[in-house]
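First the structure, in the form of structure tokens, and then the observations on it.
Number of protein chains: 2
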Amino acid sequence: MSANSRLTIAAHALAWISLYQRQGHAVATSEQIATSANTNPVVIRRLLGELRRAGLVESRRGVGAGWSLARELESITLLDVYEAVEPGPLFAMHRATPDQGCVVGYGIQPAMQGIYEGIEETLRRELARVTLEDVLRDILAAPR
Amino acid sequence: MSANSRLTIAAHALAWISLYQRQGHAVATSEQIATSANTNPVVIRRLLGELRRAGLVESRRGVGAGWSLARELESITLLDVYEAVEPGPLFAMHRATPDQGCVVGYGIQPAMQGIYEGIEETLRRELARVTLEDVLRDILAAPR
DNA sequence: GATGGTCGCAACATTTGTTGTTACAACGTG
DNA sequence: CACGTTGTAACAACAAATGTTGCGACCATC
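Residue numbers (the numbering used here), protein chains in the order written: chain A, 333 to 476; chain B, 333 to 476.
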């Protein structure tokens, strides 16, 4: 499975912005967030851009520009972030179409599709149960 | 997320072997399975090798060699296959360690780890509810 | 014991997706 | 206008899955 850290980094960015705002700042820059996440500012801008399209954050340009939350942290769930940031389905079908002349090759894709849909629905329900406020609380609860 | 078809192909192989055995044959070759799945025999041998290590199938060598089921299809769940075939966790952490001097950078990994573990446990429970017998039934139920 | 078909496995190529980097235009505050 | 930041494209680097080739190991059959 492709090691995919997009959800982790996106959650990191949201928590960081929120904490920074609670300290009285209006906006956070991609530079600051990238330093905390130990990555490149462009990576952060790309991810936050997707979150903006999903209506989770806002950005301002010009001098003194940066990112701010568009919604309360409590109202944002991991599912919101996941859907904004993860493109495809969890499990993939065959790369090349299986032999349609074979009973198994013919029936396998609809069969697995149905099964996978149910499983992904459960995953989504689970992700929807965790808010970013929960995440931030867990972050702050880490033992020093 | 990296489009990952290992679980799909492994389920395909198991269903194919079982159906072939039900038609009176003792063993199935990687060549035959590869033709049905439209892939390379070595890919099938690699996957089935992992299933053999997990005790789900057996292989015989020499002339007239091939693969057979080590357990009833009803007793094999998608979780068995998933664990045999998928190496890593579903979600990854940061590629580079985040800034440990930052509150968020310090607490994010334990926080997400805990959350992810719960979610993966749910996923496993869901996978365990589906047997390969269910999969084969769905395959045969595909409308002609 | 020779033959031939199949697995086991290593090595490498190909493909796909993510992440990192550089560069620069667009923007808007001061 | 000057400056700092976003927006985005283009490309490099990296990683993982998949595909391919080659060949030794094995063993039923003759």
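From the three backbone atoms N, C-alpha and C, an ideal C-beta is built for every residue, glycine too.
Computed from a predicted model, the values in this text were never measured in an experiment.
{"query": "Pull out every residue of the segment 340-370 of chain A whose Cβ sits closer than 7 Å to any Cβ of chain B, in chain order.", "result": "Thr340, Ile341, Ala343, His344, Ala347, Trp348, Leu351, Thr367, Ser368, Ala369, Asn370"}
{"query": "Give the list of continuous alpha helix (DSSP H) stretches no shorter than 4 residues that lie fully inside the segment 335-381 of chain A.", "result": "338-354, 362-369"}
{"query": "Would DSSP call A/Glu390 helix, strand or coil?", "result": "strand"}
{"query": "Here's the rule: buried if 16 or more other CB atoms are within 10 angstroms of the residue's CB, otherwise exposed. What is B/His344?", "result": "buried"}
{"query": "If you check the beta carbons only, do B/Ala416 and B/Leu459 fall under 8 Å apart?", "result": "no"}
{"query": "Could you pull out every unbroken alpha helix (DSSP H) segment of at least 4 residues lying fully inside the segment 408-454 of chain A, listed in chain order?", "result": "410-417"}
{"query": "Contact defined as beta carbons within less than 8 Å: I believe B/Val436 pairs with A/Trp348. What is the distance between those atoms, to the nearest angstrom?", "result": "5 Å"}
{"query": "Quick one: residues in its chain with C-beta nearer than 6 Å to the C-beta of A/Thr463, no 5 flanking neighbours on either side, listed in chain order?", "result": "Glu406, Thr409"}
{"query": "Could you check which residue in B/Gln445, B/Gln432, B/Pro475, B/Ile447 has the C-alpha nearest to that of A/Asn370?", "result": "B/Gln432"}
{"query": "So, at 7 Å on beta carbons, what are the nonlocal neighbours of A/Glu452 in its own chain, with the 5 sequence-adjacent residues on each side left out?", "result": "Pro421, Leu422"}
{"query": "Buried or exposed, going by whether 16 or more other CB atoms sit within 10 Å of the CB of B/Val413?", "result": "buried"}
{"query": "Over the uninterrupted alpha helix (DSSP H) stretch that includes B/Leu464, give me the two end residues.", "result": "464-472"}
{"query": "Whose Cβ in chain B lies nearer than 7 Å to the Cβ of A/Pro442?", "result": "Ala474"}
{"query": "Taking beta-carbon pairs under 8 Å, can you tell me which members of the segment 442-458 of chain A lie near chain B?", "result": "Pro442, Ala443, Met444, Gly446, Ile447, Gly450, Ile451, Thr454, Leu455, Glu458"}
{"query": "Leaving aside the five residues before and after A/Thr340 along the sequence, list all residues of the same chain whose C-beta is less than 6 Å from its C-beta, in chain order.", "result": "none"}
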